[in-house]
Structure formats: C-alpha cells, structure tokens
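For the sequence shown, position 55 matches number 398 in our numbering, and the numbering has no gaps at all. All C-beta atoms, glycine included, are put in the ideal place defined by N, C-alpha and C.
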Amino acid sequence: MAVLASLACVGRLVAQQPEQTESARPKPQVFQETIQPFLRQNCVRCHGVREANADIRLDTLLPNFSDKVTAQHWKSVMDAINVGAMPPDDEKQPSV
C-alpha cells in the first residue's frame with residue numbers, strides 16, 4: 344500500500360509547478376528504498392535495459408520533476424497505471 348501511495352504522490356508532483364516541487368519532491372531515501380525496488384520487481388523486466396516497451400525505461404527514470412521531460416515520463420507512467428493499462432492483465436499484479 345505504501346508503494347502505491349508513493350507512486351500516487353509522484354503523479355501529484357508531476358502536476359505541480361517546478362517552484363512548488365522543490366519542497367514537495369520525494370526524499371531520495373524514499374525513492375531508493377521504496378519506489379525503485381517496487382519498479383525493479385514489477386516493471387523493469389519490460390521497461391528496462393533489455394526491453395523498453397513504449398520507449399519507457401523505468402530503471403533510469405529519476406524523480407526529477409523540475410525537468411519537464413522527466414516529469415512528462417512520470418505523467419505517462421501514472422496515466423498508464425490510472426487507466427488500468429499497466430500492469431497488463433497477463434502480468435503478475437502488485438499486491439497492495
């Protein structure tokens with residue numbers, strides 16, 4: 344549940360203006376200890392170095408929301424999750 348809440352926070356941060364995100368940016372420790380392991384376990388097989396479906400690489404995507412390109416990538420990730428496109432139905436679903 345904490346991981347999904349963290350990913351939801353990512354979506355809210357993407358929608359904010361850069362000057363607002365500096366203080367609201369997730370702490371690096373939270374990203375490294377919670378979000379990155381979740382992405383490695385559930386997403387990187389199809390969105391990593393060997394395969395980058397939809398040209399999305401989650402193994403190298405950092406929480407730098409002040410960068411417009413990076414923020415747009417996170418928005419794409421959150422949009423795919425929110426509409427139910429990710430994870431695909433035929434893949435293992437993360438437990439909450």
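Please return the same chain residues whose Cβ sits closer than 8 Å to the Cβ of residue i, not counting the five positions on each side in sequence.
| i | result |
| --- | --- |
| Q360 | Its pLDDT being 48, under 50, Q360 is placed unreliably in this model, and the value from its coordinates should be taken loosely. None. |
Output yes or no for whether 8 Å exceeds the beta carbon distance between residue i and residue j.
| i | j | result |
| --- | --- | --- |
| N385 | P430 | yes |
| D309 | V387 | A query on residue 309 cannot be resolved here, the shown segment of the chain reaching from 344 to 439 and no further. |
DSSP state of residue i, grouped into three classes?
| i | result |
| --- | --- |
| A395 | strand |
| M429 | coil |
Starting from residue i and walking both ways along the alpha helix (DSSP H), at which residues does that stretch end?
| i | result |
| --- | --- |
| K418 | 411-425 |
| P380 | 379-385 |
Apart from the five residues on each side of it in sequence, which residues of its chain come closer than 6 Å, Cβ to Cβ, to residue i?
| i | result |
| --- | --- |
| I424 | none |
Cβ of residue i less than 8 Å from any chain D Cβ?
| i | result |
| --- | --- |
| N396 | In the structure shown, chain D does not exist; there is a single protein chain. |
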